[in-house]
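Numbering (this note's numbering), first residue to last: 23 to 137.
Heads up, the beta-carbon is just placed ideally off N, CA and C, and yes, glycines get one too.
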Amino acid sequence: MQNKKIKKVRVGELEFDVVLADNFIKRAFGLMLRDIGDKAMLFLYKRRKIAMHTFFMLYPIDVIFIDKDVVVEAVRLKPWKTYKCKNYSTAMLEFKCRDVELNKLIGKKVEFMRG
Numbered sequence: 023m024q025n026k027k028i029k030k031v032r033v034g035e036l037e038f039d040v041v042l043a044d045n046f047i048k049r050a051f052g053l054m055l056r057d058i059g060d061k062a063m064l065f066l067y068k069r070r071k072i073a074m075h076t077f078f079m080l081y082p083i084d085v086i087f088i089d090k091d092v093v094v095e096a097v098r099l100k101p102w103k104t105y106k107c108k109n110y111s112t113a114m115l116e117f118k119c120r121d122v123e124l125n126k127l128i129g130k131k132v133e134f135m136r137g
């Protein structure tokens with residue numbers, strides 16, 4: 023996958039413009055202390071159980087964990103929390119909370135769209 027060209031992600035009927043966390047600084051800070059509007063931040067990993075935190079976050083976020091182009095887990099996290107995905111994942115999508123039932127996203131196909 024040519025990561026740097028991913029511009030949008032579609033999860034079921036939801037579609038996100040994305041900022042790719044493609045370097046150490048972006049991965050370390052994620053959405054911490056920043057507002058990227060309606061965009062989501064996409065993190066790509068080698069397959070593992072991803073751990074993350076919401077320290078210094080300005081708002082609650084929704085987080086979708088993806089493996090083999092399918093949503094395997096989705097959670098809503100308040101600031102100052104830690105979380106470890108219970109499933110193996112290769113990608114994580116984080117964004118400001120939306121009016122969506124996260125549990126209905128489990129099992130949905132994920133499309134990565136390039137520029």
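Sequence-distant residues of its chain with Cβ nearer than 8 Å to K48 (five each side left out): For the purposes of this step, residue 48 is identified with residue 26 of the sequence shown, where counting begins at 1. So the qualifying residues of the chain are V41, L42 and M63.
Starting from V93, trace the beta strand (DSSP E) in both directions and tell me its first and last residue. As a position in the sequence shown, residue 93 is number 71, starting the count at 1. Taken as a continuous stretch (DSSP letters only), the beta strand (DSSP E) holding V93 covers V92 to L99.
Let me check understanding here. Comparing Cα to Cα, which of T76, K118, N109 and S111 lies closest to W102? Residue mapping note: residue 102 aligns to position 80 of the sequence shown, counting from 1. Comparing Cα positions, the closest option is T76.
Apart from the five residues on each side of it in sequence, which residues of its chain come closer than 8 Å, Cβ to Cβ, to K29? Translated into positions along the sequence shown, residue 29 becomes position 7. Excluding positions up to five away in sequence, the list reads D39, V40, M135, R136 and G137.
Just to confirm the assignment, what range does the beta strand (DSSP E) spanning I72 have? Residue mapping note: residue 72 aligns to position 50 of the sequence shown, counting from 1. Element bounds for I72: n/a, residue is neither H nor E.
Assuming Y105 is part of the beta strand (DSSP E), what are its boundary residues? Indexing the sequence shown from 1 puts residue 105 at position 83. Here the beta strand (DSSP E) through Y105 covers T104 to K106.
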